[in-house]
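Novice:
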Amino acid sequence: MVNVLATFFAVAIAIVAANAEQHTIHFTNRCGHGTPTLVRAGQILSTGADYVSNGPFVAGIAYLQTGNCLLNGEHCGTIEMTLQNPANGPGSGSSADISLIPPLAYDNIPLGFGYYGGCDGAGALCSSADCNTAFHVPLILSFKLLVSRTM
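Residue numbering for the sequence shown follows our numbering, starting at 141 and increasing by one per position.
(1) Quick one: Cα of D237 to Cα of I219, how far?
(2) With a Cβ-Cβ cutoff of 8 Å, do P176 and A202 count as a contact?
(3) Distance, Cα to Cα, A245 vs A269?
(4) Determine the burial state of S239: buried for a count of at least 16 other Cβ atoms within 10 Å of its Cβ, exposed for fewer.
(5) So which of G172, F197, C171 has the shortest CA-CA distance to I165?
(6) Here's the rule: buried if 16 or more other CB atoms are within 10 angstroms of the residue's CB, otherwise exposed. What is L204?
(7) Mind checking who G254 pairs with in its DSSP beta bridge?
(8) State the CB to CB distance for the pair H173 and T206, rounded to an integer number of angstroms; the pair is presumed to be in contact (CB under 8 Å).
(9) Would you call the CB atoms of P243 and H215 closer than 8 Å?
(10) Can you give me the C-alpha to C-alpha distance between G233 and H163, rounded to a whole angstrom?
(11) Quick one: is G213 near chain C, going by C-beta distance under 8 Å?
(12) Quick check on G195: buried or exposed, where buried means 16 or more other Cβ atoms within 10 Å of its Cβ?
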């Protein structure tokens with residue numbers, strides 16, 4: 141009986157380990173100035189070093205702190221992200237976007253992101269204030285404007 145329980149416990153650990161997810165956020169600063177910053181829920185998690193999340197990483201914000209940015213990236217461009225393994229098939233996993241929605245703003249520093257280790261090549265780059273790869277207007281506001289025009 142002890143051997144059966146020990147075997148079951150070892151298999152259970154192997155199954156949990158095989159299903160565990162891990163995400164690494166890596167910064168590459170090609171500007172020569174500023175501090176890459178990663179924030180979640182009002183807490184700075186990294187100021188340039190790789191950040192490893194053992195499990196889903198939900199609602200993170202990354203930006204290059206040049207002295208102009210507030211805690212959540214206000215006055216700067218941000219990359220907003222949720223990183224998680226797909227639970228229910230395609231479209232239910234990780235997502236990231238570049239945001240310039242006020243009070244965020246393009247501050248003459250190109251910003252971008254890419255996925256590696258599974259979705260290589262996917263990502264976006266924004267190198268101007270009017271880039272088409274960033275959000276500029278809140279989606280809720282856009283929806284309300286659309287609704288008010290059709291009524």
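Quick reminder that beta carbons are idealized off the backbone N, C-alpha and C, glycines included. Model, not experiment: these values are computed from the prediction.
Specialist: Let's see:
(1) Translated into positions along the sequence shown, residue 237 becomes position 97. Translated into positions along the sequence shown, residue 219 becomes position 79. The alpha-carbon atoms of D237 and I219 are separated by roughly 6 Å.
(2) Within the sequence shown, the letter at position 36 stands for residue 176. Within the sequence shown, the letter at position 62 stands for residue 202. Yes.
(3) Within the sequence shown, the letter at position 105 stands for residue 245. Within the sequence shown, the letter at position 129 stands for residue 269. Those two C-alpha atoms are separated by around 8 Å.
(4) Mapped onto the sequence shown, residue 239 falls at position 99. It counts as buried.
(5) As a working note, residue 165 is residue 25 in the sequence shown. Among G172, F197, C171, the Cα nearest to that of I165 belongs to F197.
(6) By one-based count along the sequence shown, residue 204 stands at place 64. It counts as buried.
(7) In the sequence shown, counting from the first residue as 1, residue 254 sits at position 114. Note: G254 sits in a beta bridge opposite G263.
(8) Here residue 173 is taken as the residue at index 33 of the sequence shown, counted from 1. Here residue 206 is taken as the residue at index 66 of the sequence shown, counted from 1. Yes, they are in contact, since the Cβ atoms of H173 and T206 sit about 7 Å apart, within 8 Å.
(9) Reading the sequence shown from its first residue, position 103 is the one you call residue 243. Reading the sequence shown from its first residue, position 75 is the one you call residue 215. A contact, by the Cβ cut-off of 8 Å.
(10) Residue numbering aside, residue 233 sits at position 93 when the sequence shown is read from its first letter. Residue numbering aside, residue 163 sits at position 23 when the sequence shown is read from its first letter. If I take the Cα positions, the gap works out to 12 Å.
(11) As a matter of chain content, chain C is missing from the structure shown, which is built from one protein chain.
(12) Residue numbering aside, residue 195 sits at position 55 when the sequence shown is read from its first letter. Under this definition G195 is an exposed residue.
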